[in-house]
Amino acid sequence: MTETYSLEVEAKNENLATLIDWIQTFCTNHKPATELEFKIQLIAEELFLYLTKQNVNDQARENIVNFSLIPETNGASLKLDTEGSDFNPLEATETEDLTAKTDDNQIDVLGLLMIRELTTKAEYNRKNNRNHFLFSFSEFTTLKSEIKDDVNDNIVDTKDIDSQKEPLVFPERCRPRVITLRICVILLLMLSAGVATIGALNFIKFERILMNATAERYDPILREVQRTINESLRGGLTLSSTRTTEGVLDRSVADFDDAITLVVKDLEGEVLFRTGDLPDAQTTVPPFGKIVGDITTGEEFSRSMAIIQDGTPVGTLSLLHNKNVASAGIIKIKEQLEFVSWASLLLFLPLLIIVTTFMVGRIEGRFYYGVLTVEKICRSLRNTSVSSEVWRIQKSLEIFRGIQSWTREMTGSRPFLLISLLTTLAMPFLFLGFLSVRVLEPKLLHEFKTQTQNASENITRKIEYAVSSFGGLHTLRDAEHVLDRTRLSSPALSFLALTNQSGEILHLSADNPLKVPQQIASLSATVEQPVMGWLDQYVQEISGVSLRNSNSFSSESEGELLISEFPILGTDSKPIGTLYAGVDLSTTAEIKRDIWIDIGVVVLAVILISVELLLLLFSLYLIRPAAAINFLSFRLHNRDLRFTLKTMGSGAAKRIIKSLDQIIRQSIETTRSTTGLKMPGPEGPLSVRISSLSYVRLPLFLFCLSEAILRPILPQFLGNFAPAGNDPNFLTGIVMSGFMAASLFSVLFGSFLSERIGARRIFLIGAVSSALGMCGHLFAAEFASIFFSRILTGFGYGLVYAAAQVHVAQHSDPIKRTTGFSLFLAVIVAAEICGPAIGGIIADRFGNLPVFMAATILVIFSGVICFFLLSRFAPDVTDISAIPFENGSKFEELSEHAGGGLLQQFKIAKSIMLNRRFSVAIICFAIPAKALLTGGLFLLIPLIVYLNGGGASESARVLMGYGIAILLLVSTFAHLADRWKKFSLWVATGSILAGIGFVVPHSWILLGDGGLLFLFAATLLFGIGQMLAIPTQISFLLQTTERQLIMHGVGPILGLFRFLERFGSFLGPVIASLLLLIFPPAIALQWMGFGTIILASIGMSWFLAVGQNEEEDEINALIIET
Amino acid sequence: MRSLSRRNLFLGSLAAGAIAGPARAFARAEKSVFMVLWRGETEVEAGFRSYFERSNVPLNIVVRSLDRNTANLEAILDEINDVKPDLVYSWGTSVTLGIAGRDPLLMDGPSDFPPQITDRPVVFTMVSQPIKSRIIKRFGLTGRNVTGVSHLVPIQTQIEAMRAYMPVDRLSVIFTPSETNSVLAVNQLTEIGQRMNVRVEKFPVPNNLQGQPDPDSLPQLVSAAAATGSQFLYLGPDSFIGQYAAQVTGLANSFRLPSFASVERMLSASDALYGLVAPYRKVGEFTAMKVERILFENEDPALIPVEVLPEFAYRIRADIARDLQIFPRLSLLEYAETIEN
């Protein structure tokens, strides 16, 4: 235990600081007294000042005061003995007027009451003409009398507080007001918009699926007729000379009761044969083997194929059928989707309101009651005339401690709150998705059945024709060929099997022939009813008529297979066999999966936008005001009255900040002793701006989203502008390079200018430039205009990117910079994850131009939000516990060094580059990281996916591994990086991990089992590595360039960093392409991975050898420490 | 079938002729056609006549037959010069060579079938190989007073047709060496067969003591053909074989050797299993169309193309298939017609 501390001091004002330091030293060394420091200080100071005044009045003698601090288990005791007249502060009564001002020479009544209230034990005796005091302090003595007097009993129950001995507690009562209402409105808007979007997108998708499915209903017939004509032409007959064509068409049409029309045209478009009146609009010969058709125009579906002879098209075969059936089905679908959308909305809307009201209302209640409590105390303090400012500050501090603990709780509960709200928000979408799929599925199955029926009946007719001509199923020759052909005509057909009456398979065409007998048997077991079979046989024997409807077919789902059976009738109309058609329902499953993916994308977009909006609201109404209150409490804690806050927030937060400002100003005006206090200069307290880091999130997200949604369509769109005779791919590359080049330079200048004229202005200029560029895409007519539009967009992109990162740098707490930049990265990655999918959906449903319109709107929104949210000035405070302008200069003043002409900027860049640590970090970590991203992830991984049999969607899913790793882990690891520092290790470890991620795919393939899942895992590992390295790089670079940071500000360093980083982005595809000339993609990727590992290892070794900070700084630090 | 453009031209003409015929009859003067046939009137002429009967146009037809003897041609030519018909109609390769002659640019000398009738239009029909026989240089416009219709499906197409029925690598053909038409067809069959890896076994019909093809040799020839293991017996455009087609195919069927008919007469008048044929009646109607254009629409025969009949039919004798137990591929039935005797 700590020993007893003693202090003998004369009662003079100038000795007050000694007393306070003495108490501080004791309380620091004796832990149980730490929390009691201010109470002890308050009592000691109050008595000392009283004795000092007495001493001033009686200057004849020297009044020596003996203080002793005795450590106790739960606190401490303060002993004091002094000369002077007899006075017992414990004799004051509770009834005396607290507001009454006493004589300056006497301890005021409030001070005496305070002594009694703040101590657990107070004793007084007088011996040898000396006054002896003993005050005992223990934890949890409270401001019970003040609270009792000043605060409504309904708000704080002081008895409870007293009895529980707990710090100031605010009631946890649910009180939904403006914040809850706003969040509720935003969530409801997002819910409604999401449901409406999903409903509309589903309808458009379903309409197209159904229209396509209905249009494709007779495709098997079209393919069969086309193949038949092709075969009849084999050997050199001309299309017009095949008399048999006429018969083929007539027979095919007759099978469907003239529901279809078949038209044969020659190459000149002259009609050679026609079976009906429906008009055929097909004017060109379709590509070989493809069915072309327009489902959007006209009153009927037109499906056409080229007729081929000796590999050359000789005419066109078109199949026409009416749209009425499909149109009726689509109207019904629309009604059903409207119903399920409303149902999802109305069912979950109350739930969302209840959850939001309960959860946000509770927080708002705490906030409101906390603010109300503090506000009332502040008001009472303003109305109270007291002699000790320290006492006033102390009271405020007690309240702020409560607020601090409460804001910590509130901030801590933010993830839980967000997850709860977003889960509730996602529920109706999932419900809607489930119902939507249920709406579509039966209609899709019906279309599958119809297609199967059409294809199978076509075969049945041929078989029956053969049987009637030649005498039985045994006369069928080469039936497998026809079955195979039909199966290939209908990709969904898994098998076609022809059996005789006893169920023996005579002819079979199947993906997996061995399974078919079992599948047919299982169908027979479920479909065949023994009694019905016996009855049917009996009736047939008597009457010759089957009880079964010979013209119909039956279907049964068998797992993922829909099996239909079609009876084959002999010459006497008796069944002689059965044709079984198995339809693979995996296509339906794929369609359902596509629908779910689309819904998932919309939900993801809704959730990401909701998160951004909620975080913005939280930041506006709760987090930033709470930070402001914390800042003031820290200042008051340090007896610092030099700062107030600029007006911010709204409602209760605004009131409390205003009250605190008033307390500070009043304290400054009324204080009599400045000892131990940090007082403002003659100009009064400085109004400071607190940081608003997260304000940039939403505009940045929207801006990045605008560019990300273009990704799936941009290459193909740009290729359309290639002048005739030029390679579209090459020109697309040129245009995309133009964008990159423009953004490369604008990011450099944007960073310099953001420092000079403010991030907000540069962001706005960038947004305007990009919006104009996006508009240009809409009106571009030739190559030059689209090239210019892309350049303009790229220029704006670079400016916004630069402005946003400077904003993040300026608003981040320097010791938590990695966390700040992780936010930057997370926002970009979030936009990159959902952007391409959203763009794909829009392009898929509405075409390319609407994607550019959407992108333009997003950029405009981004600019408008930036205009209203982002401050014109850099913040004065990024760390609420730090003292603003401690070095005597503001952040903006630091940046005064930035700017100047090009030569000046070049000099700055040169001075930064001359920093060896910066250069090594760039070469070993930053450039390889970006090169690996663009060359490895964006170029080589998709190639590997394609080589492994995947397509665009598989490629996108593999790439998602990167985004998922970044999005899920970046926040946590950024906090850890900020806490543990040693950024060089973080960056190097991340780079090495990312490299390993790209080395393993080929090694795995060498082992003989390459797979998309493994590629996904490798990409995930790469993402984890990048997640460790990339956000930390900024903190690392700023740490290595501290001197340049002070000299030039953060902008030039970030600008140069981004410029060189983007150079890495440019290098990536170049290196990958060069490697591809020598190696296959997996090996090229492996080499890029190896390269990164080697560079990162060199970098890490170098930094371990020379350290992160410059030698001069290290020496300075050493001198200060010693 | 509602409409068909090129065929429409053909069928539409037939229909128009039937409907508008009486009206046109008043407007048109009677024309004369001098028919020179090889072996009397056939289904082709029936089709020709029926076309004009439906059209109800005034046409005077004079018919002369060579009765399979080219020596009779000279007298007929004299008659033509006397009668001075508006148009001369020639049937078959031999007759056409005698009347229209070879294309002057393709003649081997002045005695190589020079054109005999040059002052009036000549329309030939049933010439199976007009290019091989050098009557024309190519299908299309002739540039002289000659046009006509060919009825024979290209040999390659015929082989493909046989293969569509069943796998084929060996064929037998019985032919009359004295028939130019037949010899040309057999030579072409052999040549194209080689290219398509189909071996052609040739069995020429020997002459009897009178110097005519000997019908008594046919059973022996058929037996020899069956012994080769051929998949089909090819029945080409041979008048002699056509005359004995029923006997030949019956014998072949007894050896389970199916017959493939290249012309309709072979198929309809015999027990051939299968054929890709131009219906004779249609050939006659198509020839009539060309004649109508020359006589009643005053078109220059030089500007009317020589064409192959634009209609062929795959026909299978289902009864023969059942008897032989040789069934076609199911895919063939998608476009082939099955017929019964």
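Chains as they are written, first to last, in my numbering: chain A, 879 to 2000; chain B, 225 to 565.
Don't be surprised by glycine CBs; every beta carbon is placed ideally from N, CA and C.
All figures in this text were calculated on a predicted structure; none of them were measured in a lab.
Listed along the chain, the chain B residues whose CB falls inside 8 Å of the CB of H1359 (chain A) are R553, L554 and S555. Here F1013 (chain A) carries a strand assignment [DSSP, helix/strand/coil].
For F916 (chain A), the secondary structure class from DSSP, reduced to helix, strand or coil, is helix. Here the region 1628-1646 of chain A makes contact with the region 1927-1938 of chain A; the two share three or more CB pairs at distances below 8 Å.
Taking a cut-off of 8 Å for Cβ pairs, the region 1741-1748 of chain A and the region 1570-1583 of chain A touch, as three or more such pairs fall below it.
Beta-bridge partners of Y538 (chain B) (DSSP): B:L500. Following the DSSP letters along the chain, one finds D1144 (chain A) inside the beta strand (DSSP E) bounded by residues I1138 to D1144. Within the DSSP secondary-structure output, N1003 (chain A) pairs in a beta bridge with A:H1010. Taken in chain order, the members of the region 539-552 of chain B whose beta-carbon sits within less than 7 Å of a beta-carbon on chain A are A542, A545, R546, F551 and P552.
Under the Cβ distance rule, E558 (chain B) counts among the residues neighbouring chain A, one pair being separated by less than 8 Å. In terms of CA proximity to I1902 (chain A), A:A1807 leads the group A:A1807, A:E1939 and A:Q1922. Contact with chain B is found for L1354 (chain A), since one of that chain's Cβ atoms lies less than 8 Å from the residue's Cβ. Measuring C-alpha to C-alpha distances from P1753 (chain A) to each of A:N1598, A:L1846 and A:R1502 identifies A:R1502 as the nearest. In summary, K1005 (chain A) is exposed, with fewer than 16 beta-carbon neighbours lying within 10 Å of its beta-carbon over all protein chains present. F1724 (chain A) is outside the set of residues whose beta carbon lies under 8 Å from a beta carbon in chain B.
Assignment of F1373 (chain A) by DSSP, reduced to helix, strand and coil, places it in the strand class. Secondary-structure assignment with DSSP links Q1187 (chain A) through a beta bridge to A:T1190. Within the DSSP bridge table, the entry for G1171 (chain A) names A:R1181 as partners. Following the DSSP letters along the chain, one finds P428 (chain B) in no alpha helix (DSSP H) but inside the beta strand (DSSP E) bounded by residues R423 to P428.
Assigned with DSSP and collapsed to three states, S1565 (chain A) falls in strand. Taking C-beta atoms under 8 Å as the contact rule, I1719 (chain A) and V1479 (chain A) qualify, at a distance of about 6 Å. Interface with chain A (8 Å Cβ-Cβ cutoff): E561 (chain B) is included. Secondary structure at T1162 (chain A): coil, using DSSP grouped into helix, strand and coil. Nearest CB-CB separation between A469 (chain B) and chain A: not below the 8 Å threshold. Taking every protein chain shown into account, the CB of K1788 (chain A) has fewer than 16 other CB atoms within 10 angstroms, so this residue is exposed. Straight-line measurement puts the Cα of D524 (chain B) at about 44 Å from the Cα of K1168 (chain A). When the beta-carbon positions are compared, R553 (chain B) and A388 (chain B) come within less than 8 Å of each other. Within chain B, the residues E558 and Y559 have their CB atoms less than 7 Å from the CB of T1106 (chain A), given in chain order. Look at A409 (chain B): its C-beta is not under 8 Å from any C-beta on chain A.
DSSP links P1445 (chain A) through a beta bridge to A:T1456. Residues of the region 378-396 of chain B with a Cβ closer than 8 Å to any Cβ of chain A, in chain order: P378, Q380, T381, Q382, I383, E384, A385, A388 and M390.
Look at the beta carbons and you see the region 258-266 of chain B touching the region 294-311 of chain B: at least three pairs across the two are nearer than 8 Å.
Taking C-alpha positions only, Q418 (chain B) is separated from V424 (chain B) by approximately 8 Å. Under the DSSP assignment, R288 (chain B) falls in the beta strand (DSSP E) whose first and last residues are L283 to S289.
Boundaries cannot be given for W262 (chain B), as no beta strand (DSSP E) includes it and DSSP labels it neither H nor E. Pairing P391 (chain B) with A385 (chain B), the inter-Cα distance amounts to about 10 Å.
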